[in-house]
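Going by the numbering used here, the first residue of the sequence shown is number 136, and it counts up by one from there.
Ideal Cβ positions, reconstructed from N, Cα and C, are used throughout, including at glycine.
No experiment lies behind these values; they were computed from the predicted model shown.
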Amino acid sequence: MTHRSILEDRSTAVSMEDAYRVIEALGPMPADALAAMVDYGLSDDEIGRYYNLPHELIRTLKDYWRIDGGF
136 MTHRSILEDR STAVSMEDAY RVIEALGPMP ADALAAMVDY GLSDDEIGRY YNLPHELIRT
196 LKDYWRIDGG F
């Protein structure tokens, strides 16, 4: 997993609005929170439902932070 800020790197496919939604939903350490959910074995759909975020955004974040696993 790579610790990159979604607010600093504007080359990402995540909009500023989505970045704020992610931080609001996943907290101050969103990459770690997402990695934990993946480690628990949850799918992108399940993680998206839990955090009320689109599963496509979850997939984008996993790719961005290079979080392996999940379905």
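Within 10 angstroms of the beta-carbon of Asp198 lie fewer than 16 other beta-carbons, which makes it exposed. For Tyr185, the uninterrupted alpha helix (DSSP H) segment begins and ends at Asp179 to Tyr186. With contacts defined by Cβ atoms closer than 8 Å, Leu169 and Leu196 form a contacting pair. Annotation for Ile202: Met136, Ala166, Leu169, Ala170, Val173 and Leu196 place their beta carbon closer than 8 Å to its own, counting only its chain and skipping 5 residues before and after.
Only exposed fits Tyr175, as fewer than 16 other CB atoms lie within 10 angstroms of its CB.
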